[in-house]
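If you want our numbering, it's the 1-based position in the sequence shown plus 104.
We put the CB at the ideal spot given by N, CA and C, even for glycine.
Nothing here was measured: the structure is a model prediction, and the numbers come from that model.
Inspection log for the structure reproduced underneath, given as C-alpha cells.
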Amino acid sequence: MGNITSKFRQKSTERALPGSKKSFPYLLNIPMFLYLACVLFVPMIWGISLSFTDKAIGGEASFIGLGNYIKLINDKEYLLSLWKTVQFATISLFFKLILGVLMAVVLNVEFKGRNIARALLLVPWTLPNVVAVLNWKWLFASTGGIINHIMKLAGLIEKDIVWFGTASLALTTIIVANVWRGTPFFGISILAKLQTISKDYYEAADIDGAKVWQKFLYITIPSIMDTIFLTTLMSSIWTINEFETVWLLTGGGPNGQTQVMNVYSYKTAMASMQIGRGIAVSVLAMPVFLLIISLITKKSLSDENM
C-alpha cells in the first residue's frame, strides 16, 4: 500500500511540474548567473558605455560617439604605449618560457634537496607583488642599491648606474622583475606535465642510442607543447595587464619609454581626469583578451574530448 501511495504521489508531482527534472539544474545556476551579472557583465557594459562619452571626474557625461577612439588612434603617446606593451610582453614571455622549461627539467631529475628546491621555486609566485616590486626598486636604486654595489665590488663599473633614468635600462628592470615573478608559473605547470611522461619512452630511446638532446627534442618537447601553449596564453593575459610593477618601478618613465597600456590608461583616467578616454583604452584591448580566452577555452575543450 505504501509503495502504491508513493508512486501515485511521484506521478502526480511530475504532472504538476512538467519538465521539472530538466529545468532543476538550470535553476541551481541562477545564483551564479546573478553574481556574474553583478560583478562582471553590468560593470563591463557600464564601462563600455562610458567610453562613448566625455566623462571626466566630477563632471557630467555627454555622448560623443567614437570621439575617444578617434583621439586615441591619432595619439602618438597611446601608440607608443601599445608598442612598449608589445615589447614588454614579448620579451618577458620569452624569458619566462625558457627559464620555466629549464627549471622544470632540472627539478624533474631526482637529487638531494629536490623538495626544498621545488618549495623555493614557489617563493616569487607567493610573495605579494607590491612587496616584491619594492624590493626590486631597492635593488636597482642608483644610490645605495645593492646591484650597483655588487658591480662596483666586482670592478664592472666605477660610477653608479641610473637604472630608471634611461629607456633601455628602465625597460630591462621591469622585465627582470616580471620574469622573476612569472617564471614559477611556467616551471610548476611544465613540471607537472613532465611527471606524466612515461619513462618507457626514454628507456626505448636509450636502447636506440639516442643522445640527451635528442630525447629532449623528440620526446620531452612534443609531450609538453600543449602545456606550454596554454601556460603562455594565460601568462600573456597577466603580462599585458601588468600595472603594479611598471607603476611602482618607473611610473612609465623616462619620457614614456616604459609606459605600457595600463599605465597610459591610468594616467589618462586619473591624472588627466578623462574617464571616458581612459576606459576606451581598455575597451580597445578587449578583443585581444577575448581572442586569448577563446583559444584557451578551445584548447581545453579539445583536450577533454580526446
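Give a single yes or no on whether L131 has its beta carbon closer than 6 Å to a heavy atom of the ligand FMN.
The ligand FMN is not part of the structure shown, which contains no ligands of any sort.
Is V205 near I294, with beta carbons less than 7 Å apart?
Yes, the Cβ-Cβ distance between V205 and I294 is below 7 Å.
Once DSSP output is grouped into helix, strand and coil, what is the label at F378?
Sequence check: residue 378 is Gln here, not Phe. The answer is strand: DSSP assigns Q378 an E or B state.
Please report the distance separating the alpha-carbon of V146 from that of I134.
So the two alpha carbons sit approximately 16 Å from each other.
For my contact list, S340 and L197 are in at a C-beta cut-off of 8 Å; report their separation, rounded to the angstrom.
About 6 Å separates the CB atoms of S340 and L197; that is less than 8 Å, so the two are in contact.
Going by C-alpha to C-alpha distance, which of L260, L273, W229 sits closest to G245?
This sequence places Ala at residue 245; Gly is not what is there. Ranking L260, L273, W229 by CA distance to the CA of A245 puts L273 first.
Taking the beta carbon of A375 as the centre, do at least 16 other beta carbons fall within 10 Å, making it buried, or is it exposed?
So A375 counts as exposed.
Just confirm the distance between the C-beta atoms of N282 and E348, as a whole number of angstroms; I'd bet it's less than 8 Å.
Actually they are not in contact, since the Cβ atoms of N282 and E348 sit about 10 Å apart, beyond 8 Å.
Going by the CB atoms, is the gap between V387 and I152 shorter than 7 Å?
V387 is positioned such that its CB atom lies closer than 7 Å to that of I152.
Using three-state DSSP, classify F167 as helix, strand or coil.
The answer is strand: DSSP assigns F167 an E or B state.
Looking only at C-alpha atoms, which of A271, I292, G171 sits nearest to A49?
Coverage of the chain is limited to positions 105 through 410, which leaves residue 49 absent and any answer about it impossible.
If you draw a straight line from the C-alpha of T401 to the C-alpha of I332, how long is it?
For T401 and I332, the distance between alpha carbons rounds to 15 Å.
Report all residues from its chain with a CB closer than 7 Å to the CB of P326; omit the five preceding and five following residues, and keep chain order.
Excluding residues within five positions, none has a Cβ falling inside 7 Å.
For F192 and M365, I'd like the C-alpha separation in whole angstroms.
Between F192 and M365, the C-alpha separation is close to 10 Å.
T157, DSSP secondary structure in three states
In the structure shown, T157 adopts extended strand secondary structure according to DSSP, grouped into three states.
I'd like the list of long-range same chain contacts for A236, defined as Cβ closer than 8 Å, with 5 residues on each side in sequence excluded.
Within the same chain, A236 has close Cβ partners P228, A281, W284, R285.
Please list, in chain order, all residues of the same chain as L399 whose beta carbon is under 8 Å from its beta carbon, the five residues on each side excluded.
Excluding sequence neighbours, L399 sits near L337.
Residues near D158 in its chain [Cβ-Cβ closer than 6 Å; skip 5 each side]:
Contacts found: S166, I168, G380.
Tell me which residues share the same chain as I250 and place their Cβ nearer than 8 Å to its Cβ, disregarding the 5 neighbours each side in the sequence.
Answer for I250: W242, L243, listed in chain order.
Less than 7 Å between the C-beta atoms of I254 and T362, yes or no?
Their beta carbons are not under 7 Å apart, which means I254 does not touch T362 by this criterion.
For the stretch 272-313, which segments carrying the alpha helix (DSSP H) assignment without a break, of at least 4 residues, lie completely within its bounds, in sequence order?
Correct list: 303-311.
If I'm right that L211 touches L225 with Cβ under 8 Å, what's the distance once you round it to whole angstroms?
In this structure, L211 and L225 form a Cβ contact; the two beta carbons are roughly 7 Å apart against a cut-off of 8 Å.
Go ahead and pull the three-state DSSP assignment for P326.
Per DSSP, reduced to three states, the secondary structure at P326 is helical.
Rounded straight-line distance, which links the Cα of K315 to that of A271:
Taking the straight line joining both Cα atoms gives about 44 Å.
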